[in-house]
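Okay, structure first, notes after.
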Amino acid sequence: MFSGVDGGHDDESVENLGSLCGDDRGLWIPDVDEQCKPVIGMSFDSQEAAEKFYVNYGKISGFCVRKSSTKYRNVDGAKELYLRDFVCSKQGFKAPSNTKQIRGHTRIGCKAKLSLMKDSDRWKVNNFVEGHAHVLCTPRKTHLLRSHREVTAAQKSLIDTFRGANVSIAQAFLYLTWSIII
179 MFSGVDGGHD DESVENLGSL CGDDRGLWIP DVDEQCKPVI GMSFDSQEAA EKFYVNYGKI
239 SGFCVRKSST KYRNVDGAKE LYLRDFVCSK QGFKAPSNTK QIRGHTRIGC KAKLSLMKDS
299 DRWKVNNFVE GHAHVLCTPR KTHLLRSHRE VTAAQKSLID TFRGANVSIA QAFLYLTWSI
359 II
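179 is the number of the first residue of the sequence shown in my numbering; add one for each residue after it.
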């Protein structure tokens with residue numbers, strides 16, 4: 179079975195969501211349409227358009243996306259962003275902490291990433307690593323991942339109305355959660 183976001187098993191099979199790579203690296207490769215997958219050389223009008231594309235790919239694939247490193251260069255005396263990496267949220271490792279509170283592991287060394295390089299006025303994919311070092315999330319639970327959470331304009335308006343009635347943000351979100359379930 180497939181292990182979901184909450185660590186429990188889901189009724190969806192692994193075959194529908196991703197496959198284990200055939201070699202001994204133990205990488206999970208998302209099983210998505212080729213048209214939804216980034217390709218080296220693919221170009222975008224803006225960095226935001228590329229981010230939106232990769233976040234959507236992450237949602238379809240079952241992983242969370244975060245921004246990572248950037249590089250700047252001097253162009254006519256001004257700093258210009260020319261390299262941007264988007265990575266799986268489980269990329270890297272968390273630094274050891276002296277706190278007594280024990281939390282789950284959020285960074286496990288996943289190498290999946292999308293690297294963009296600015297070429298004149300367009301952003302081009304110059305590196306794409308597809309394999310993940312962890313099990314991917316099920317489609318039914320991807321909305322819980324950080325980069326895929328959304329609050330609609332209607333929900334924001336409702337929260338503002340609650341705030342005007344001295345209802346706390348936590349209680350307002352709890353109400354929204356209940357209204358989605360029912």
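Backbone N, C-alpha and C fix where the C-beta goes; we use that ideal spot for every residue, glycine too.
Point to revise | Residues bridged to Arg-244 (per DSSP) | key: Paired residues: Val-265.
Point to revise | Span of the alpha helix (DSSP H), counted from its first residue to its last, around Lys-237 | key: First-last of the alpha helix (DSSP H) with Lys-237: 225–239.
Exercise for review: Identify every run of the alpha helix (DSSP H) within the region 283–353, keeping only runs that are complete inside it and at least 4 residues long; order them along the chain.
Suggested key: Listed in chain order, the complete alpha helix (DSSP H) runs (minimum 4 residues) inside the region 283–353 are 331–342.
**Study point:** Which listed residue (Asn-305, Asn-344 and Lys-289) has its alpha carbon closest to that of His-312
**Key:** It is Lys-289 whose Cα lies nearest to the Cα of His-312.
**Study point:** Cβ neighbour criterion (16 or more within 10 Å) applied to His-321
**Key:** Exposed, because fewer than 16 other Cβ atoms sit within 10 Å of the Cβ of His-321.
**Study point:** Sheet register partners of Ala-256 (DSSP bridge)
**Key:** Per DSSP, the beta-bridge partners of Ala-256 are Val-253.
Check your understanding: Of the residues Lys-272, Ser-239 and Ser-224, which one's Cα is nearest the Cα of Trp-206?
Key -> Looking only at Lys-272, Ser-239 and Ser-224, the smallest Cα-Cα distance to Trp-206 is reached by Ser-239.
Practice item. Apply the 10 Å Cβ neighbour rule to Leu-294 and answer buried if 16 or more other Cβ atoms are within range, or exposed otherwise. Key: With 16 or more Cβ atoms within 10 Å of its Cβ, Leu-294 is classed as buried.
Practice item. Can you tell me which of the three DSSP states Ser-221 falls into? Key: Strand, per DSSP.
Practice item. Please report the residue range of the beta strand (DSSP E) in which Ile-207 lies. Key: Where Ile-207 is concerned, the enclosing beta strand (DSSP E) starts and stops at 206–208.
**Study point:** Leu-285 versus Pro-208: straight-line alpha-carbon distance, rounded
**Key:** It should be pointed out that residue 285 corresponds to Arg in this sequence rather than to Leu. One Cα belongs to Arg-285, the other to Pro-208, and the distance between them is close to 19 angstroms.
Review point. In angstroms, rounded to a whole number, what distance separates the CA positions of Phe-222 and Gln-279?
Key: Spanning the two alpha carbons is a distance of roughly 43 angstroms.
Review point. By Cβ distance below 6 angstroms, which residues in the same chain neighbour Pro-216 in space, the five residues on each side in sequence not counted?
Key: Leu-292, Val-303 and Phe-306.
Check your understanding: Of the choices Thr-339, Gly-204 and Gly-236, whose alpha-carbon is the least far from that of Cys-214?
Key -> It is Gly-236.
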